[in-house]
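Read top to bottom, the protein sequences are chains U and E.
Counting from 1, position 122 in the first sequence corresponds to residue 1242 in our numbering; the numbering is continuous, with no gaps.
Counting from 1, position 173 in the second sequence corresponds to residue 201 in our numbering; the numbering is continuous, with no gaps.
Think of the CB as a built atom: it goes at the ideal place given N, C-alpha and C, for glycine as much as any other residue.
Everything numeric in this text was worked out from a predicted model, so none of it was measured.
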Amino acid sequence: MRLTASLAAGAALLLTVGEPAAAQVRSALTLGTGLEPATATSSAGAWAFRPALRLGGELAGGTVDGHLAGLLDGGWTGEVRATGHVRFDLGRPFFLTTSVAGEVGRLADAMSVTRVGTAARLDAEVGSWGGWLRVSTEQANGIDHATPVVGLGAGSSVNLGTLRLSVSSSANRYLDRAFTSTPVGDSVVVLMRESRPRTYLQGELAADWAHRLLRVQVAVGARFAQTEGADNTWARATAEVPLDRRLSVVGAFGKHPGVPEQGLDGRHFARAGLRVRLLGGGDAAAGARVVVPDGTLVTEPAGSAHLIRVVARDAGVVEITGDLTDWSPLLLDRSEDGLWETTLPLQPGFYRVAIRIDGGAWTAPAGLPSVPDEFGGRVGALVVN
Amino acid sequence: MTSVRAAQIALLLLVIAAGTLAAQDARLPDRLGAQVAARIQVIVDSARAAGLPTEPLVQKALEGASKNVAPDRIVETVRSLRARLAAARDALGRDTPGADLTAAATALYAGTTTETLRRMQAARPGRPLALPFAVLADLVQQGVAVDTAAALMHDLTSAGVSDADLAQLLLLVQQDVRAGAPPVAAATTRAQGVLARVGRGEWSPP
């Protein structure tokens, strides 16, 4: 492996359709340097210049995104992924999500991989704790591989203030197609191709920590049983430091896990760069008469659930609590351009909520009626019709 | 024979106990302790028997626990909320949705009256009232006199102002107040603007 330098440029298109229908266009440019694998099946590095174009779109209940990169030697890599999902409220605290997904990729060695499948996931969410079970079935085509894959997974996560810890595990079963040799006499060897069912177990521990402007994610994972080679462990660390609303410093390093059912080895990587958001996001719409301040909460339907967004442009951590979380703090996920969000299965009703930014005091979010909490404070009144 | 009767009684007690346990909300003892939870549960059970929504009562208790409020005050606050839910239901009718009742109870706590709630309901028949009630509570909370806020909301609901317009109105009022405007001036001015937009520009402040 050698140290490499790369330059990547990207643009993103995000279409959001809500109630009423609306569309947003977002784009981003990323310039960076890092260690990139020279081939699809090894970790060997090479200097690379990779102008890249990324396109993505999102509808309620589905996403699609793609990536196209040109290499210095004239080759190119690319991938397109699409998912669709439907989430069902089974009554608190259980939710069922069914999904279909497809992926087509072209690797550095001009080899292609495809993957398509469906999955069902049962979630239980109680306050700051969440747990899930997942079953999936896929068809994975890789390097000299084409196999069905059946997976069973489970995981759990807990929010501890600014720290989110999660653990996940899965068992996957697939057919490993390999050539075996049978000697005949002294010099003749007959090669036979056979399919052998294999199963591997893997688990991953992850921590997501945010403080002020810094957000860091670290993860370690391991795989057990019936896989060959030394690629049965992996780890990665990523960080993002927003410099302002448009500009972030991003960095990541570690090792991706291999994909045995597609014949892909684990690969080391390291990247650092600047991300510039060019369009979309936090700018107030032209002609708008209302200035949207930090701490404003808005909701919109998202399938059978509701997407809750809080505007907090320079925040490092944003939490929400209230009737919708049984008054347990819930850490919101950082989204694009100063938005923090989560999706909750809300029935029509009247919910009292409060938000906390960067560990400060709990306050009634702007944009909602502020009503007395009957304990000497105020909360926001969220009405879902 | 005696043993059969004893077994029947034991079975009956078991069924009753199971029914009682099933009706208890497991969230309460987890967050409040068994003793306080039992006191809250009595209030919740009485609300259920009266046909009132119980989830707001449970949430109020959980909220108190999350804010480290003294147990006696939590119990008293839940009891007070149950009484206001009943008053709101009596004023608005048995078929009133739970969200409207909860918002109405909040407006009552803020200082409005059941007569105001009835007038707003009459001005907006068959439509959700939770947001108008919540905006009313907000205006009162910001310092607008109860009578003024009630008159404003009555005129807005009478004019058929939508929830989206009410939400916009609220944003504008909050924006004006942040900029230093007196709440009553912000509320009346912005309400006039909304009424003018929906064709009721003749509105005048009370």
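- Residues of chain E whose Cβ lies closer than 8 Å to the Cβ of Pro1492/U are, in chain order, Thr134, Tyr137, Ala138, Ala165 and Gln169.
- In the DSSP annotation of this structure, Glu143/E is not part of any beta strand (DSSP E); the continuous alpha helix (DSSP H) holding it starts and ends at Thr142 to Ala151.
- In the three-state reduction of the DSSP assignment, Lys88/E falls in the helix class, which pools H, G and I.
- Around the beta carbon of Asp1434/U, a 10 Å sphere encloses fewer than 16 other beta carbons of the protein chains shown; the residue is thus reported as exposed.
- Around the Cβ of Leu90/E, a 10 Å sphere holds 16 or more other Cβ atoms; the residue is buried.
- Annotated three-state conformation of Pro1268/U is strand, per DSSP.
- With a cut-off of 8 Å on Cβ pairs, the segment 120-133 of chain E is in contact with the segment 1458-1476 of chain U, counting three or more such pairs.
- Counting only runs that start and end inside the segment 156-201 of chain E, the alpha helix (DSSP H) elements of at least 4 residues fall at 158-170 and 174-186.
- Leaving aside the five residues that flank Leu136/E on each side, the residues in its chain whose CB is nearer than 8 Å to its CB run, in chain order, Arg112, Ala115, Ala116, Thr142 and Leu145.
- Residue environment: Trp1460/U is assigned as buried (16 or more neighbouring CB atoms within 10 Å of its CB, all protein chains considered).
- Boundaries of the beta strand (DSSP E) around Gln1259/U: Trp1249 to Gly1262.
- Membership of Gly1371/U in the beta strand (DSSP E) is indicated by the continuous run Leu1367 to His1376.
- With contact defined as three or more Cβ pairs closer than 8 Å, the segment 200-214 of chain E and the segment 169-186 of chain E are in contact.
- Proximity of Gly188/E to chain U, defined by a Cβ-Cβ separation below 8 Å, is not satisfied.
- Per DSSP, the beta-bridge partners of Trp1460/U are Val1430/U and Arg1454/U.
- Per DSSP, reduced to three states, the secondary structure at Arg1318/U is strand.
- For Val1491/U, the uninterrupted beta strand (DSSP E) segment begins and ends at Ser1490 to Pro1492.
- Here Val1503/U is buried: its Cβ has 16 or more other Cβ atoms, across all protein chains shown, within 10 Å.
- Under a criterion of Cβ atoms nearer than 8 Å, the residues of chain U adjacent to Gly92/E are, in order, Phe1495.
- If you check the CB distance, Gly1222/U and Val1236/U come in under 8 Å.
- The beta carbon of Asp1446/U sits closer than 8 Å to some beta carbon of chain E.
- Within chain E, no C-beta atom comes less than 9 Å from the C-beta of Asn1261/U; the nearest is roughly 48 Å away.
- Around the beta carbon of Ala1392/U, fewer than 16 other beta carbons lie within 10 angstroms, which makes this residue exposed.
- Relative to the Cα of Gln196/E, the nearest Cα in the group Arg147/E, Ala215/E, Pro210/E and Ala178/E belongs to Ala215/E.
- Listed by position along chain U, the residues whose Cβ is nearer than 8 Å to that of Arg55/E are Asp1446.
- When C-beta atoms of the segment 1289-1298 of chain U are compared with those of the segment 1318-1326 of chain U, three or more pairs fall below 8 Å, so the two segments count as touching.
- The secondary-structure analysis by DSSP pairs Val1379/U across a beta bridge with Leu1384/U.
- Put simply, the CB of Leu85/E is far from chain U, with every gap to its CB atoms at 8 Å or more.
- Residue environment: Asp118/E is assigned as exposed (fewer than 16 neighbouring CB atoms within 10 Å of its CB, all protein chains considered).
- Asp100/E is classed as exposed because its beta carbon has fewer than 16 other beta carbons within 10 Å across all chains shown.
- Under the 10 Å beta carbon count, Gln69/E is surrounded by 16 or more other beta carbons and is classified as buried.
- For the segment 181-214 of chain E, the set of residues with a beta-carbon nearer than 8 Å to any beta-carbon of chain U comprises Asp191, Ala195, Gln196, Leu198, Leu199, Leu200, Gln202, Gln203 and Arg206, in chain order.
- The shortest C-alpha to C-alpha distance from Gln1259/U to any of Val1278/U, Val1220/U, Ala1359/U and Arg1241/U is the one to Val1220/U.
- For Thr130/E, the chain U residues whose C-beta falls within less than 7 Å of its own C-beta are Phe1470, listed in chain order.
- Assignment of Gln52/E by DSSP, reduced to helix, strand and coil, places it in the coil class.
- For Ser108/E, the uninterrupted alpha helix (DSSP H) run begins and ends at Pro99 to Leu120, by DSSP.
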